[in-house]
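Asks: In order, the protein sequences belong to chains A and B.
Sequential numbering of the first sequence, starting at 19, is according to the working numbering.
Sequential numbering of the second sequence, starting at 19, is according to the working numbering.
Heads up, the beta-carbon is just placed ideally off N, CA and C, and yes, glycines get one too.
Before we start, here is the structure in question, set down as structure tokens.
There are 2 protein chains.
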Amino acid sequence: MASNRPNRQWLIAERPLGRAVEESDFTFKESESRDPGPGEVLIKTLYLAFDPAQKGWMENIGGYAAPTEIGDVMRGTGLGQVVQSSSDKLAEGDIVLGQLGWEEYPTVAADTVQKVDNNDLMTAYMGPLGTTGLTAFFGLFDVGKPVPGDTVVVSGAAGATGSMVGQFAKIAGCKTVGIAGGPDKCAWLTSEGGYDAAIDYKTGDVREQLKAHCNQSIDVFYDNVGGKILNEALRHISLNARVVICGGISRYETGGMPAGPENYFNLIFKRASMTGFLLTDYVHKFDFARGRILEWIRDGKVTYKEDIQEGFENTPKTFMRLFTGQNFGKQMLKIADPA
Amino acid sequence: MASNRPNRQWLIAERPLGRAVEESDFTFKESESRDPGPGEVLIKTLYLAFDPAQKGWMENIGGYAAPTEIGDVMRGTGLGQVVQSSSDKLAEGDIVLGQLGWEEYPTVAADTVQKVDNNDLMTAYMGPLGTTGLTAFFGLFDVGKPVPGDTVVVSGAAGATGSMVGQFAKIAGCKTVGIAGGPDKCAWLTSEGGYDAAIDYKTGDVREQLKAHCNQSIDVFYDNVGGKILNEALRHISLNARVVICGGISRYETGGMPAGPENYFNLIFKRASMTGFLLTDYVHKFDFARGRILEWIRDGKVTYKEDIQEGFENTPKTFMRLFTGQNFGKQMLKIADPA
Numbered sequence: 019m020a021s022n023r024p025n026r027q028w029l030i031a032e033r034p035l036g037r038a039v040e041e042s043d044f045t046f047k048e049s050e051s052r053d054p055g056p057g058e059v060l061i062k063t064l065y066l067a068f069d070p071a072q073k074g075w076m077e078n079i080g081g082y083a084a085p086t087e088i089g090d091v092m093r094g095t096g097l098g099q100v101v102q103s104s105s106d107k108l109a110e111g112d113i114v115l116g117q118l119g120w121e122e123y124p125t126v127a128a129d130t131v132q133k134v135d136n137n138d139l140m141t142a143y144m145g146p147l148g149t150t151g152l153t154a155f156f157g158l159f160d161v162g163k164p165v166p167g168d169t170v171v172v173s174g175a176a177g178a179t180g181s182m183v184g185q186f187a188k189i190a191g192c193k194t195v196g197i198a199g200g201p202d203k204c205a206w207l208t209s210e211g212g213y214d215a216a217i218d219y220k221t222g223d224v225r226e227q228l229k230a231h232c233n234q235s236i237d238v239f240y241d242n243v244g245g246k247i248l249n250e251a252l253r254h255i256s257l258n259a260r261v262v263i264c265g266g267i268s269r270y271e272t273g274g275m276p277a278g279p280e281n282y283f284n285l286i287f288k289r290a291s292m293t294g295f296l297l298t299d300y301v302h303k304f305d306f307a308r309g310r311i312l313e314w315i316r317d318g319k320v321t322y323k324e325d326i327q328e329g330f331e332n333t334p335k336t337f338m339r340l341f342t343g344q345n346f347g348k349q350m351l352k353i354a355d356p357a
Numbered sequence: 019m020a021s022n023r024p025n026r027q028w029l030i031a032e033r034p035l036g037r038a039v040e041e042s043d044f045t046f047k048e049s050e051s052r053d054p055g056p057g058e059v060l061i062k063t064l065y066l067a068f069d070p071a072q073k074g075w076m077e078n079i080g081g082y083a084a085p086t087e088i089g090d091v092m093r094g095t096g097l098g099q100v101v102q103s104s105s106d107k108l109a110e111g112d113i114v115l116g117q118l119g120w121e122e123y124p125t126v127a128a129d130t131v132q133k134v135d136n137n138d139l140m141t142a143y144m145g146p147l148g149t150t151g152l153t154a155f156f157g158l159f160d161v162g163k164p165v166p167g168d169t170v171v172v173s174g175a176a177g178a179t180g181s182m183v184g185q186f187a188k189i190a191g192c193k194t195v196g197i198a199g200g201p202d203k204c205a206w207l208t209s210e211g212g213y214d215a216a217i218d219y220k221t222g223d224v225r226e227q228l229k230a231h232c233n234q235s236i237d238v239f240y241d242n243v244g245g246k247i248l249n250e251a252l253r254h255i256s257l258n259a260r261v262v263i264c265g266g267i268s269r270y271e272t273g274g275m276p277a278g279p280e281n282y283f284n285l286i287f288k289r290a291s292m293t294g295f296l297l298t299d300y301v302h303k304f305d306f307a308r309g310r311i312l313e314w315i316r317d318g319k320v321t322y323k324e325d326i327q328e329g330f331e332n333t334p335k336t337f338m339r340l341f342t343g344q345n346f347g348k349q350m351l352k353i354a355d356p357a
């Protein structure tokens with residue numbers, strides 16, 4: 019196949035430290051694709067997936083991901099199709115998942131991507147079978163350690179991770195309460211999302227609603243949000259509760275880090291714990307977890323919602339949807355159909 | 019022996035919610051002692067011991083201790099001598115430890131107090147062999163789970179609990195760093211207190227000193243203080259660190275609860291945990307822990323400092339020393355010598 023295809027890219031232009039991500043934080047660039055060297059493949063990007071952690075990568079905070087530089091192609095997970103291969107591991111036409119970055123024709127080492135089946139579950143590898151589903155799985159089961167009958171409360175419950183946590187907890191025999199913003203999301207939580215109850219933080223007092231649904235009875239709080247919601251949840255933890263710190267999406271709008279939860283002191287009275295985790299520590303168990311989640315999807319026990327925008331030119335705009343609560347389900351961007 | 023002894027008491031007059039404890043929060047009352055009923059003993063209080071948690075009892079927060087009422091004799095641990103017994107478990111002259119309250123001649127049920135040996139280690143039952151030593155023991159070993167070679171950092175390190183934690187961690191083969199206020203306390207930490215290094219939060223920048231002594235290498239942080247110091251310590255935790263929430267003495271001066279630690283988000287990057295505990299959960303292991311601590315004291319591996327004020331009239335003033343950093347060692351008040 020011909021190389022030197024016109025390639026479009028989005029580069030990092032600014033570090034959005036302590037403020038919302040903007041379109042001007044990225045530079046649009048037209049270039050050309052690069053021929054694959056030995057062991058490499060040239061890929062046509064079909065879908066990009068978005069996650070709040072990507073803002074952290076732009077900021078180089080935490081020190082847990084390789085640093086980025088201004089001018090780098092923005093890092094991001096995608097699903098693509100091999101168009102030219104110099105590796106005996108992948109052939110033209112293969113569908114792969116990996117760190118493709120925000121460009122139409124990335125050239126990457128074949129062993130940094132994962133081959134997936136070309137079927138209707140393809141995009142699930144960027145959702146329930148990808149980092150979001152795996153994050154929900156290990157955060158809930160390995161850190162939260164739910165026992166059947168436990169009350170599991172999840173913030174950001176209608177998000178890609180949160181919606182998985184609720185369904186997984188339900189399968190594990192727990193009572194599930196989801197916190198989300200707006201009546202549409204909250205209706206979805208209880209109709210399809212596997213939640214027994216929903217709390218709308220936008221239309222009512224979170225403190226009162228938590229008290230009504232789970233007055234000092236939260237056994238597991240799975241937090242994707244931080245800030246005020248984490249603080250109010252800490253007020254209602256039960257004895258020996260486990261607070262799982264997965265994310266702090268609220269910080270992306272308020273600037274800097276999320277406010278510290280002053281009710282952390284309730285950890286003493288309730289002999290409870292608050293624990294952070296990173297998915298990268300569970301790589302050795304990914305296949306195991308994917309197997310379980312796939313089984314649950316095929317059995318109809320887990321459903322998922324995808325929010326698929328279109329057009330490579332809309333990449334930064336689509337990313338920004340994560341921070342304004344516009345997305346409903348796993349945020350993705352479709353760039354092309356598979357050949 | 020004669021009853022109806024003149025009895026002096028300090029009663030709770032106000033709840034010092036969200037502000038410093040004041041002498042006017044207590045009412046001085048002259049009354050008479052009460053004859054012991056069946057199973058009871060009349061006790062002469064010899065020593066009272068003080069602990070920051072007593073302010074929480076006055077405030078009725080947390081819900082983990084029986085509520086107090088305005089007008090109650092202030093609750094407090096003491097060491098006393100039985101002067102009249104209607105119980106076959108205790109005889110006149112026995113030395114006992116228990117919830118005697120702030121009065122000179124309490125009458126209590128014999129099975130609510132514990133007989134201790136009348137020797138030079140008597141007051142140790144209100145320090146290293148009492149709640150402070152036991153709190154240090156279980157908070158460090160059961161919650162902090164130190165491994166030899168770990169860096170253990172302790173706030174309020176010159177306090178009754180903190181000074182025990184450092185010495186216990188040293189015995190467990192750890193590197194110990196204590197945070198305290200003022201050059202006298204800091205000198206004591208490294209000369210006698212079992213700490214390898216001391217950080218004076220009053221005379222230098224805590225962030226810089228933590229960076230110098232344990233740059234992102236705190237394996238166990240044992241927190242008695244909360245507020246800014248907890249927040250700065252969270253900045254320097256290591257991978258899989260355990261943050262033990264024992265107390266929040268800073269809240270007693272700033273009013274309300276301690277500020278929330280905004281750096282809690284570092285728990286994610288470092289896959290670390292922050293856990294609270296209460297001593298009451300470890301009652302079944304008290305004898306075991308006391309045996310170990312007594313052995314360490316006798317072997318000269320654990321020393322302790324007592325701050326003994328005198329005179330029953332000074333009870334509230336002595337309690338207030340805890341909240342101003344005046345006390346140096348376990349805060350006690352001597353009321354009488356044993357007969």
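In chain order, what residues of the stretch 277 to 288 of chain A put their CB closer than 9 angstroms to some CB of chain B?
Replies: Flagged, chain order: A277, G278, P279, E280, N281, Y282, F283, N284, L285, I286, F287 and K288.
Asks: Which residue from B:G96, B:A190, B:W120 and B:G111 puts its Cα closest to that of B:M144?
Replies: Walking along the second sequence from the start, residue 144 of chain B turns up at place 126. Nearest of B:G96, B:A190, B:W120 and B:G111 to B:M144, Cα basis: B:G96.
Asks: In the stretch 288 to 300 of chain A, which residues sit with their C-beta less than 8 angstroms from some C-beta in chain B, listed in chain order?
Replies: So the list reads K288, R289, A290, S291, M292, T293, G294, F295, L296 and D299, given in the order they occur along the chain.
Asks: Going by DSSP in three states, B:A215 sits in which element: helix, strand or coil?
Replies: Translated into the one-based positions of the second sequence, residue 215 of chain B becomes position 197. Reduced to three states, the DSSP call for B:A215 is strand.
Asks: Going by other Cβ atoms of all chains shown within 10 Å of its Cβ, with 16 needed for buried, is A:I14 buried or exposed?
Replies: Absent from the structure is residue 14 of chain A, since the part of chain A shown begins at 19 and ends at 357.
Asks: Tell whether a beta-carbon distance below 8 angstroms holds between A:D241 and A:V261.
Replies: For the purposes of this step, residue 241 of chain A is taken as the residue at position 223 of the first sequence. For the purposes of this step, residue 261 of chain A is taken as the residue at position 243 of the first sequence. Yes.
Asks: Does A:N233 get closer than 8 angstroms to chain B when you measure Cβ to Cβ?
Replies: For the purposes of this step, residue 233 of chain A is taken as residue 215 along the first sequence, with counting starting at 1. For A:N233, the answer is no, since every Cβ of chain B falls outside 8 angstroms of its Cβ.
Asks: Beta-carbon separation of A:G184 and A:V165 under 8 angstroms?
Replies: Locating residue 184 of chain A in the first sequence gives position 166, where the first residue counts as 1. Locating residue 165 of chain A in the first sequence gives position 147, where the first residue counts as 1. Contact flag unset, no.
Asks: Return the CA-CA distance between A:D223 and A:L285, expressed in angstroms with no decimal places.
Replies: Position 205 of the first sequence, counted from the first residue, corresponds to residue 223 of chain A. Position 267 of the first sequence, counted from the first residue, corresponds to residue 285 of chain A. So the alpha carbons of these two residues sit roughly 23 angstroms apart.
Asks: When the Cα atoms are used, what is the spatial distance from A:S104 to A:T125?
Replies: Here residue 104 of chain A refers to the residue found at position 86 of the first sequence. Here residue 125 of chain A refers to the residue found at position 107 of the first sequence. Cα to Cα, the separation comes out at about 10 angstroms.
Asks: Does the beta carbon of A:Q102 fall short of 7 angstroms from some heavy atom of the ligand HEM?
Replies: As presented, the structure is devoid of all ligands, the ligand HEM included, so that no description of it is given.
Asks: Is A:K323 near A:T150, with beta carbons less than 8 angstroms apart?
Replies: As a position in the first sequence, residue 323 of chain A is number 305, starting the count at 1. As a position in the first sequence, residue 150 of chain A is number 132, starting the count at 1. No; because the gap between Cβ atoms is not below 8 angstroms, this pair is not in contact.
Asks: Starting from B:W28, follow its DSSP beta bridges and name the residues at the other end.
Replies: The residue you call residue 28 of chain B lines up with position 10 of the second sequence. B:F46, per the DSSP bridge assignment.
Asks: Could you tell me whether any Cβ in chain A is nearer than 8 angstroms to the Cβ of B:G266?
Replies: Along the second sequence, one-based indexing puts residue 266 of chain B at 248. Chain A, which has a Cβ nearer than 8 angstroms to the Cβ of B:G266, makes this yes.
Asks: Sorted by chain position, which residues of the same chain lie with C-beta nearer than 7 angstroms to B:K188's C-beta, five sequence neighbours on each side aside?
Replies: Looking up residue 188 of chain B in the second sequence gives position 170. The answer, listed in chain order, is T194 and G212.
Asks: Count the other CB atoms within 10 Å of the CB of B:D129; is the residue buried (16 or more) or exposed (fewer)?
Replies: On the second sequence, residue 129 of chain B is found 111 positions in, with the first residue counted as 1. Exposed, because fewer than 16 other Cβ atoms sit within 10 Å of the Cβ of B:D129.
Asks: Taking CB distances under 8 angstroms as the criterion, tell me whether B:I247 reaches chain A.
Replies: Within the second sequence, numbered from 1, the residue matching residue 247 of chain B stands at position 229. No, because no Cβ of chain A sits closer than 8 angstroms to the Cβ of B:I247.
Asks: Beta-carbon within less than 7 angstroms of A:P279's beta-carbon, same chain only, minus the 5 sequence neighbours each way: which residues are those?
Replies: Translated into positions along the first sequence, residue 279 of chain A becomes position 261. Closer than 7 angstroms at Cβ, skipping near neighbours: L248, N249 and L252.
Asks: Return no unless some Cβ of chain A is closer than 8 angstroms to the Cβ of B:I263.
Replies: Counting from 1 along the second sequence, the entry for residue 263 of chain B is found at position 245. True, the Cβ-Cβ gap to chain A drops below 8 angstroms.
Asks: What is the C-beta distance between B:G111 and B:A354, in whole angstroms, given that I count them as a contact (C-beta under 8 angstroms)?
Replies: Position 93 of the second sequence holds residue 111 of chain B. Position 336 of the second sequence holds residue 354 of chain B. Not quite, the Cβ-Cβ distance comes to about 14 angstroms (not below 8 angstroms), so this is no contact.
Asks: In angstroms, rounded to a whole number, what distance separates the CA positions of B:D90 and B:K303?
Replies: In the second sequence, residue 90 of chain B corresponds to position 72, counting from 1. In the second sequence, residue 303 of chain B corresponds to position 285, counting from 1. Using only the alpha carbons, I get a separation of about 31 angstroms.
Asks: Given this structure, state the Cα-to-Cα distance separating B:G266 from B:L139, to the nearest angstrom.
Replies: Taking the second sequence and counting its residues from 1, one reaches residue 266 of chain B at position 248. Taking the second sequence and counting its residues from 1, one reaches residue 139 of chain B at position 121. Rounded to the nearest angstrom, the two C-alpha atoms are 29 angstroms apart.
Asks: If contact is defined by three or more beta carbon pairs under 8 angstroms, each pair taking one atom from either stretch, is the stretch 29 to 47 of chain A in contact with the stretch 307 to 317 of chain A?
Replies: The stretch 307 to 317 of chain A vs the stretch 29 to 47 of chain A: no contact.
Asks: Who are the Cβ neighbours of A:A307 in its own chain at under 6 angstroms, not counting the five residues just before and after it?
Replies: Translated into the one-based positions of the first sequence, residue 307 of chain A becomes position 289. Here the set comprises L152 and F155.
Asks: With B:P334 and B:E41 assumed to form a contact (beta carbons below 8 angstroms), what rounded beta-carbon distance in angstroms separates them?
Replies: Start at 1 with the first residue of the second sequence, and residue 334 of chain B comes out as number 316. Start at 1 with the first residue of the second sequence, and residue 41 of chain B comes out as number 23. Yes, they are in contact, since the Cβ atoms of B:P334 and B:E41 sit about 5 angstroms apart, within 8 angstroms.
Asks: What residue from A:V301, A:Y282 and A:D305 has the CA that sits closest to B:G294's CA?
Replies: To locate residue 294 of chain B, count along the second sequence from 1; it is residue 276. Ranking A:V301, A:Y282 and A:D305 by Cα distance to B:G294 puts A:Y282 first.
Asks: Determine the contact status of B:I113 and B:Q102, defining contact as a CB-CB distance below 8 angstroms.
Replies: Taking the second sequence and counting its residues from 1, the one referred to as residue 113 of chain B is at position 95. Taking the second sequence and counting its residues from 1, the one referred to as residue 102 of chain B is at position 84. Taking 8 angstroms as the Cβ cut-off, B:I113 and B:Q102 do not qualify as a contacting pair.
Asks: If you run the structure through DSSP and keep just helix, strand and coil, what is A:G265?
Replies: What you label residue 265 of chain A is simply residue 247 of the first sequence in a count that begins at 1. Of the three classes helix, strand and coil, the one that applies to A:G265 here is coil, per DSSP.
Asks: Just tell me which of B:G162, B:E122 and B:G116 has its CA closest to the CA of B:A259.
Replies: Against the second sequence, residue 259 of chain B aligns to sequence position 241. Per the Cα distances, B:G162.
Asks: To the nearest angstrom, how far is it from the Cα of B:A28 to the Cα of B:S49?
Replies: Translated into positions along the second sequence, residue 28 of chain B becomes position 10. Translated into positions along the second sequence, residue 49 of chain B becomes position 31. Before going further, note that residue 28 of chain B is Trp rather than Ala in the sequence given. Their backbone Cα atoms lie some 11 angstroms apart in a straight line.
Asks: Based on the DSSP secondary-structure assignment, which residues constitute the bridge partners of A:E58?
Replies: Indexing the first sequence from 1 puts residue 58 of chain A at position 40. DSSP lists A:A127 as partners of A:E58.
Asks: Beta-carbon within less than 8 angstroms of B:Q72's beta-carbon, same chain only, minus the 5 sequence neighbours each way: which residues are those?
Replies: Translated into the one-based positions of the second sequence, residue 72 of chain B becomes position 54. Here the set comprises M92, R93, G94 and F337.
Asks: Tell me the start and end of each unbroken alpha helix (DSSP H) in the stretch 196 to 248 of chain A that is at least 4 residues and wholly inside, in chain order.
Replies: 201 to 209 and 224 to 232, all fully within the stretch 196 to 248 of chain A.
Asks: Starting from A:T360 and walking both ways along the beta strand (DSSP E), at which residues does that stretch end?
Replies: The question about residue 360 of chain A has no answer, for chain A in this structure spans 19 to 357.
Asks: Note the first and the last residue of the continuous alpha helix (DSSP H) segment covering A:D305.
Replies: Stepping through the first sequence from its first residue, residue 305 of chain A is reached at position 287. F304 to R316 is the span of the alpha helix (DSSP H), which, as asked, contains A:D305.
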